[in-house]
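Letter by letter, the sequence shown follows residues 250 to 309 of my numbering. Backbone N, C-alpha and C define an ideal beta-carbon position, used for all residues, glycine too. Single-structure report; data block below.
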Amino acid sequence: MMSDGCQQGGGADELRCLCGSLLARLVPEGVELKCRRCHRTRVVPLERPPGGGSAPNTGG
């Protein structure tokens, strides 16, 4: 689920604000978040199911 003000970016692995600013993207190590103020990035590790497939959507 995406909240108002967000849109899917250039690919299925990106989430961007309506202004075009990159908020997060999926990278092999997990989810990469980018600070809009200082432009530093932080990767939040994700556990992947055996076989390296994408995690099932558990949103409701």
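From Pro277, Lys283 and Gly279, residue whose alpha carbon lies closest to that of Cys266: Here the closest residue by C-alpha is Lys283.
Beta-carbon proximity of Leu295 to Gly269, cut-off 7 Å: In this structure, the beta-carbon distance from Leu295 to Gly269 does not fall below 7 Å.
N-terminal and C-terminal residue of the beta strand (DSSP E) that Cys294 is part of: Correcting the residue type first, residue 294 is Pro in the shown sequence and not Cys. Where Pro294 is concerned, the enclosing beta strand (DSSP E) stretches over Thr290 to Pro294.
Three-state secondary structure assigned by DSSP to Ala273: strand
Spatial distance of Met251 from Arg289 (CA atoms): Since pLDDT at Met251 reaches only 47, below the 50 mark, its modelled position is unreliable, and no value is offered.
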